[in-house]
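Everything below concerns the one structure shown next.
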Amino acid sequence: MTGTIARPKNVTNSRRRRLVEEDVDLGAPAPVTVAEETLPTAAPAEEPVVESAEPVVEEIVDLAPTDPEPHRVAEPDESEADESEPDETPTVRIPAAVVPAAPAPAPPAEPAAEPVAAGTVAPRPTIEPGRIRRAPALDGLRGIAVLSVVVYHLFGDALRGGYLGVDIFFVLSGFLITSLLVREFGSGGRVSLDGFWTRRARRIIPASVTVLVVATAVAGLIGGDVAVKLKDQFFGSLFFVNNWVQIAQSDSYFAETTPRVFMHYWSLAIEEQFYVVWPLAFLAVMALTRRSEPRRRMLVAAGVATVVGLASAGLMAYLYHPDTDPSRVYFGSDTHLFGLLAGVALALVITAPASDAADSWPLRRSPAVARWVGLTLAPIAFVALMAMLYLLPDTSATAYRGGILVACLLTTLLVHNAVREDGPIPKLLSVRALTWFGARSFSLYLWHWPAFIVARELINGSGNAATHTAPAWMVGVVAAVASLVLSELSYRWIETPFRRLGFRGVLSALGGHARRFAPLAAMAAVLTVVMLAGSALGTSPSKSALERQLDELAEIQRQANEAPAVVLPPKPSRDLPTGPEITAIGDSVMLASSQALTRRFPGIYIDAEVSRHYSGGEGVMTSLLDANKMREFVVLGFGTNGQAFPGELNRIVRMLGPDRKVVLLVPYGPVAGIPEAARQVIRYAKRKPNVFLAPWCSIADAHQDDLGADGVHPFGPGLNLYADAVEQGLRQAVSGTKDTGITCPL
1 MTGTIARPKN
11 VTNSRRRRLV
21 EEDVDLGAPA
31 PVTVAEETLP
41 TAAPAEEPVV
51 ESAEPVVEEI
61 VDLAPTDPEP
71 HRVAEPDESE
81 ADESEPDETP
91 TVRIPAAVVP
101 AAPAPAPPAE
111 PAAEPVAAGT
121 VAPRPTIEPG
131 RIRRAPALDG
141 LRGIAVLSVV
151 VYHLFGDALR
161 GGYLGVDIFF
171 VLSGFLITSL
181 LVREFGSGGR
191 VSLDGFWTRR
201 ARRIIPASVT
211 VLVVATAVAG
221 LIGGDVAVKL
231 KDQFFGSLFF
241 VNNWVQIAQS
251 DSYFAETTPR
261 VFMHYWSLAI
271 EEQFYVVWPL
281 AFLAVMALTR
291 RSEPRRRMLV
301 AAGVATVVGL
311 ASAGLMAYLY
321 HPDTDPSRVY
331 FGSDTHLFGL
341 LAGVALALVI
351 TAPASDAADS
361 WPLRRSPAVA
371 RWVGLTLAPI
381 AFVALMAMLY
391 LLPDTSATAY
401 RGGILVACLL
411 TTLLVHNAVR
421 EDGPIPKLLS
431 VRALTWFGAR
441 SFSLYLWHWP
451 AFIVARELIN
461 GSGNAATHTA
471 PAWMVGVVAA
481 VASLVLSELS
491 YRWIETPFRR
501 LGFRGVLSAL
511 GGHARRFAPL
521 AAMAAVLTVV
531 MLAGSALGTS
541 PSKSALERQL
551 DELAEIQRQA
561 NEAPAVVLPP
571 KPSRDLPTGP
581 EITAIGDSVM
591 LASSQALTRR
601 FPGIYIDAEV
611 SRHYSGGEGV
621 MTSLLDANKM
631 REFVVLGFGT
641 NGQAFPGELN
651 RIVRMLGPDR
661 KVVLLVPYGP
671 VAGIPEAARQ
681 VIRYAKRKPN
691 VFLAPWCSIA
701 DAHQDDLGAD
711 GVHPFGPGLN
721 LYADAVEQGL
731 RQAVSGTKDT
741 GITCPL
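The letter at position 607 of the sequence shown is residue 607 when you use full-length UniProt numbering, and the numbering goes up by one with no holes.
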């Protein structure tokens with residue numbers, strides 16, 4: 001039974017009321033309600049809305065100034081249904097009112113909007129139990145977050161702190177998800193875990209799996225370094241353990257060596273792990289505090305979230321070491337959980353758990369305080385957060401020792417202000433451009449990184465920098481345009497249908513269309529992409545071209561070291577030692593240059609290895625000293641994998657003894673930890689009479705076109721440049737004159 005309800009003509013758009021089921025992960029838009037109902041100007045509706053076996057459709061009041069029209073009921077969005085209702089239902093049309101099991105009075109009509117006096121707080125809409133209100137400013141904050149990450153990835157130093165956008169997402173997700181849990185628990189004293197997890201799957205799996213399959217197929221077609229470890233990436237992302245897979249493989253989020261196509265799925269993995277654990281933890285706290293009053297129970301849960309969040313931030317600071325790549329502490333669920341928990345704590349404090357109809361985030365009876373927060377603290381927090389996005393680089397120790405935590409706390413304050421809608425910041429965040437990006441932020445986040453990797457490979461290839469035919473900004477622009485197109489298509493044709501119809505509803509709708517339109521063509525296209533993706537997974541290489549080259553050089557080096565040493569007569573001019581007088585120990589940069597060193601210094605002993613740190617080289621030195629094979633001139637090429645630990649250089653030099661001349665290569669590369677390692681060896685050489693410097697950093701910086709695509713390892717002519725740096729250091733060691741004028745981009 002449906003009815004026709006008149007709409008008042010004198011009410012403005014400013015009073016449109018919306019309901020939202022929940023936030024999406026990493027920024028998918030909060031869904032709008034899908035049914036509208038207009039109210040009479042005088043008498044209440046005669047037919048009440050009560051629970052029934054049919055799917056629940058949330059109703060809103062459309063107070064737009066248009067002519068009266070018959071009441072419409074749109075197709076329901078499943079995500080708006082109660083968790084007690086089925087999670088997957090096909091599209092249906094139901095009346096706005098159904099025959100009640102027992103009569104119940106209808107709500108009174110809402111009067112026309114009255115002007116709100118300046119300085120007073122506008123009334124909030126009434127929200128059904130178990131629901132949360134939509135705050136447009138949250139979409140705008142989501143838009144800032146995704147734009148920050150995209151600019152950081154696609155345009156490098158243009159936004160040095162853009163990586164903090166992920167932490168903004170974390171705070172938003174923790175806040176909105178917990179608000180839903182609180183509202184549902186408050187309205188019925190329970191939380192439907194299967195409903196919660198089904199909705200999360202409906203929001204995340206369709207878009208994320210689509211990107212996985214399509215990007216895998218494209219990477220397989222391109223081949224080369226783009227497809228390296230594709231199988232591990234794919235399944236790690238599919239089962240939401242991508243972050244731990246990257247940690248296990250020692251992948252770097254910050255280095256430009258061989259970026260993985262699905263590197264950005266690490267944050268999605270952390271969120272999904274959180275979604276599995278947090279509802280269980282929430283229910284456990286509720287069970288332990290069941291004898292307490294509702295408000296106290298939420299505060300206890302907020303206290304637990306705060307303690308665990310601070311412990312996570314403390315663990316990040318404790319495990320972080322400025323001499324090493326920070327990817328472990330950045331990727332870890334244990335060390336990067338505090339943003340989600342900051343949002344959790346805020347939601348537990350301000351979300352109304354009452355079972356009666358009320359605003360999900362009610363304004364307390366302190367309008368003066370709320371206005372002061374909105375006019376003073378929120379603008380300060382906004383400016384501070386924008387400054388951090390622009391100024392805090394990912395190489396800064398400050399970021400991991402409290403900086404990221406501060407960004408999360410600033411975001412928490414902005415979220416609080418956004419749902420209260422006080423002051424200028426919510427209006428700024430509600431501008432159409434930001435909310436547009438916020439609505440599509442999930443798809444944009446998923447697509448932008450694979451688009452960048454593919455665009456860079458197609459435009460520039462994977463050779464040395466000299467072979468690059470386009471500047472980096474051009475690659476970024478191409479990737480940005482492709483990302484916007486793909487994210488819009490994904491938002492319209494994948495995210496929205498699955499969110500509104502559910503899995504069975506979409507499959508049913510597709511089946512109907514397939515019977516009317518080109519079923520064979522559609523099926524062929526899908527099967528082709530899936531087959532290409534499967535082929536790519538089966539043939540993806542486990543190592544990049546550089547890694548394979550280094551393996552070959554390591555074998556050549558091993559064979560050369562096992563061969564009998566060739567002793568050459570000394571040169572008449574004693575300005576440079578001969579090869580049999582030199583021992584060289586180092587990392588992958590030295591290994592890449594090993595053949596050039598052998599040609600320059602025949603008979604040189606080289607022991608270099610990928611990812612070797614000073615500590616690994618120390619063991620090699622001990623073995624050579626014990627075997628009495630350490631030579632007079634010792635060349636040490638480290639720093640690519642972090643600077644020496646405190647006291648390590650002193651220990652090495654004492655081990656080698658005062659009669660040996662030590663040459664330290666000054667490392668170079670756009671990788672976290674290398675600038676600090678370069679400063680360390682420069683400072684150390686100035687204090688030790690038998691330690692000299694080989695200026696690899698200044699030579700490499702002047703010849704960047706002769707480096708590999710990673711900007712670290714020499715390539716082609718750059719191999720001889722590395723030998724030039726070693727030669728300069730050895731000449732200083734022979735003459736005893738140190739070059740103190742080394743210039744490096746430190």
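Positions of the beta carbon are idealized from the N, C-alpha and C atoms, including for glycine. Just so you know, these numbers come straight off a predicted model, no measurement behind them.
Rounded to whole angstroms, what's the CA-CA distance from residue i to residue j? Just pull it up for me.
i: Arg599; j: Leu624; result: 23 Å
i: residue 751; j: Pro577; result: Absent from the model: residue 751. The displayed extent of the chain is 1 to 746, so no value can be given.
i: Ala342; j: Ala381; result: 15 Å
i: His416; j: Val228; result: 43 Å
i: Val419; j: Pro670; result: 41 Å
i: Trp696; j: Thr640; result: 12 Å
i: Arg492; j: Pro136; result: 20 Å
i: Ala269; j: Ala480; result: 24 Å
i: Val475; j: Ala700; result: 24 Å
i: Ile606; j: Ile177; result: 57 Å
i: Ala455; j: Pro646; result: 42 Å
i: Ser192; j: Ala302; result: 21 Å
i: Glu648; j: Gly619; result: 12 Å
i: Leu230; j: Tyr722; result: 32 Å
i: Arg500; j: Arg199; result: 11 Å
i: Leu446; j: Val211; result: 7 Å
i: Trp436; j: Gly143; result: 7 Å
i: Phe633; j: Ile585; result: 11 Å
i: Lys661; j: Gln728; result: 13 Å
i: Gly314; j: Ala399; result: 12 Å
i: Ala217; j: Val261; result: 11 Å
i: Leu413; j: Thr306; result: 15 Å
i: Gln249; j: Ser615; result: 20 Å
i: Glu293; j: Leu319; result: 39 Å
i: Pro259; j: Thr583; result: 34 Å
i: Leu138; j: Ala709; result: 39 Å
Tell me residue i's beta-bridge partners as DSSP assigns them.
i: Leu693; result: Leu664
i: Tyr684; result: Paired residues: none, contrary to the question.
i: Phe633; result: Ile582, Lys661
i: Pro714; result: Leu707
Assuming residue i contacts residue j (C-beta within less than 8 Å), just tell me the rounded distance between them.
i: Arg133; j: Trp361; result: 7 Å
i: Tyr253; j: Ser327; result: 5 Å
i: Leu444; j: Ser487; result: 4 Å
i: Val150; j: Thr411; result: The pair is not a contact, with the Cβ atoms about 18 Å apart (cut-off 8 Å).
i: Ser593; j: Leu693; result: With 8 Å as the limit, Ser593 and Leu693 do not qualify as a contact, their Cβ atoms being about 17 Å apart.
i: His321; j: Tyr330; result: That belief does not hold up - the Cβ atoms of His321 and Tyr330 are roughly 13 Å apart, past 8 Å.
i: Tyr390; j: Leu159; result: 6 Å
Assign residue i to one of three DSSP states: helix, strand, or coil.
i: Arg133; result: strand
i: Asp607; result: strand
i: Leu707; result: strand
i: Pro675; result: helix
i: Pro393; result: coil
i: Lys427; result: helix
i: Asp334; result: coil
i: Ala482; result: helix
i: Asp225; result: helix
i: Val241; result: coil
i: Lys231; result: helix
i: Thr640; result: coil
i: Val191; result: coil
i: Ile742; result: coil
i: Val701; result: Residue identity differs from the one stated: residue 701 is Asp in this sequence, not Val. Helix, per DSSP.
Within 7 Å of any Cβ in chain B, is that where the Cβ of residue i sits?
i: Ala207; result: Among the chains of the structure shown, chain B does not appear; only one protein chain is present.
Ranges of the alpha helix (DSSP H) found wholly within the segment 127-182, counting only runs of at least 4:
136-155
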